[in-house]
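Numbering (my numbering), first residue to last: 222 to 343. In this text, a Cβ means the ideal position worked out from N, Cα and C, and glycines have one as well. Heads up, the thing below is written out as structure tokens.
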């Protein structure tokens, strides 16, 4: 597989429901991480919405080992429409070491956090 091939490995997903009748409605937001390519790897954080949702996000990534430690934080505003994935942040990292990432979405007085499933060996 070439480095430009989309691997689309979903590392973590999260959804949130709100309200007493939440089981009768789709979750308003789903967030996820996916990897694109191979060494170097691009880790992308995205959100999908079941309805129009606006808010803010924080994408945090930590890579340790392999001779260095890297901490990255990206944040900003987002607007998501139904059926249209929105890429909120991405980081290109080299193979080696361990990776952890977290995406926190804040909207309408609520929050949703997606995390990679523990440290991932690269």
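Exercise for the section: Ignore the nearest five residues each way along the sequence and tell me which others in residue 305's own chain have a CB closer than 6 Å to its CB. Expected result: none
Practice task
For residue 316, count neighbouring C-beta atoms within 10 Å of its own C-beta (all shown protein chains included) and say buried if the count is 16 or more, exposed if not.
Solution key: exposed
Problem - Local Cβ density within 10 Å of residue 249, reported as buried at 16 or more and exposed below that - result: buried
Exercise for the section: Confirm, please, whether the CB-CB distance from residue 264 to residue 281 is below 8 Å. Expected result: Contact flag unset, no.
Practice task
Starting from residue 346, trace the beta strand (DSSP E) both ways and give me its first and last residue.
Solution key: Because the chain is modelled from 222 through 343, residue 346 falls outside the range shown and cannot be assessed.
Exercise for the section: Over the uninterrupted beta strand (DSSP E) stretch that includes residue 260, give me the two end residues. Expected result: It is not in any beta strand (DSSP E) - residue 260 carries neither H nor E in the DSSP assignment.
Problem - Buried versus exposed call for residue 298 [16 or more other C-beta atoms within 10 Å across all chains shown] - result: exposed
Practice task
May I ask you to report which of helix, strand or coil DSSP gives residue 338?
Solution key: coil
Problem - Other residues of its chain near residue 275: CB distance less than 8 Å, five sequence neighbours each side excluded - result: 298, 299, 300, 301, 328
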